[in-house]
Amino acid sequence: MMRKTTQLLLGVFIAIILVVFCGLLLIKQFIPDQVAEVKKPVVSEYKSTEDFINEIGKTAEKVASKYGLYASVMIAQATLESDSGNSELGSEPNYNLFGIKGKFNGQSVLYPTQEDDGKGNMRTINANFRQYPSYEDSMTDYAKLLVNGTSWNKTYYKQTFKSNAATYKEATEALTGRYATDSRYDKKLNALIKQYQLQQYDH
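Below you can see the structure in the form of structure tokens.
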């Protein structure tokens, strides 16, 4: 009786060992793949400023030349306003590089923005911003805005024209306080133009 009990216990022990051993083999087989998957780098879709400029540079050059504007200023503004094409408004499917409000061919996107209430207090409101089919449409619409001016002043941006601004610095100065209220707007644009040698796009 004692021998049978011992044999039974030995059999159970061996069975347990086999189960554990097989389990370890299975774990060893599957763990490496799981670890490799976790360690796989996440590919970022964030555009570098260099890539963004390379993407829009030639188009900006063409559009600016057609409307008598500085391509360097156009590219610098697009870079600054859209965070190098990475902002939600400036990226696909909106392609609004310059933060222009309203509708484009009936298309717009509702987007939160900070507005001054007239007393120096900033508040967040939802506003319609133009939605474009492409970067080229965005740049062309921007160029038309500068050339045609605003509804209340047709010559509002005339000092940005190459015919009126002897250098790109005069054009960025003319935008400061008009296109943007930031008192350092021209300095930010000039810094981008210098850093990325955007004058090469001016003709």
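Residue numbers (our numbering): 5 to 207.
For every residue, glycine included, the Cβ atom is placed at its ideal position computed from N, Cα and C.
Is residue i helix, strand or coil when you go by DSSP?
i	result
F165	coil
T176	helix
Y115	strand
K123	coil
A64	helix
I129	strand
F56	helix
A184	strand
Can residue i and residue j be called in contact, C-beta distance under 7 angstroms?
i	j	result
N90	Y50	yes
T154	V67	no
N132	S112	yes
R134	G110	no
Near residue i, what residues of its chain come up, given a Cβ to Cβ distance below 6 angstroms and the 5 sequence neighbours on each side ignored?
i	result
E65	A75, Y205
N98	V113, Q135
Using the C-alpha atoms, what's the distance from residue j back to residue i?
i	j	result
L179	L149	12 angstroms
Y160	T117	23 angstroms
K158	V151	8 angstroms
E54	W156	37 angstroms
N194	L202	10 angstroms
K198	D186	19 angstroms
E96	K123	35 angstroms
E119	A184	12 angstroms
If residue i and residue j are in contact, beta carbons under 8 angstroms, what's the gap, nearest whole angstrom?
i	j	result
S69	H207	6 angstroms
T171	D190	Actually they are not in contact, since the Cβ atoms of T171 and D190 sit about 12 angstroms apart, beyond 8 angstroms.
L101	S52	That belief does not hold up - the Cβ atoms of L101 and S52 are roughly 16 angstroms apart, past 8 angstroms.
S93	L196	At residue 93 the sequence reads Leu, which differs from the Ser that was named. Their Cβ separation, rounded to whole angstroms, is 19 angstroms, which puts L93 and L196 out of contact at 8 angstroms.
Y136	F108	6 angstroms
Y200	I104	Actually they do not touch by this definition, with Cβ atoms about 23 angstroms apart.
Tell me which residues share the same chain as residue i and place their Cβ nearer than 7 angstroms to its Cβ, disregarding the 5 neighbours each side in the sequence.
i	result
G72	F165, K166, S167
G61	I79, Y205
R182	Y160, Y161
K192	L84
Is the Cβ of residue i closer than 7 angstroms to any Cβ of chain B?
i	result
G110	Looking for chain B here will not work: only one protein chain is present.
With a CB to CB cut of under 8 angstroms and the five nearest residues on each side skipped, what residues in its chain are close to residue i?
i	result
T3	Here the chain has residues from 5 to 207 only, and residue 3 is not among them.
E59	K51, G89, Y139
K173	D190, N194
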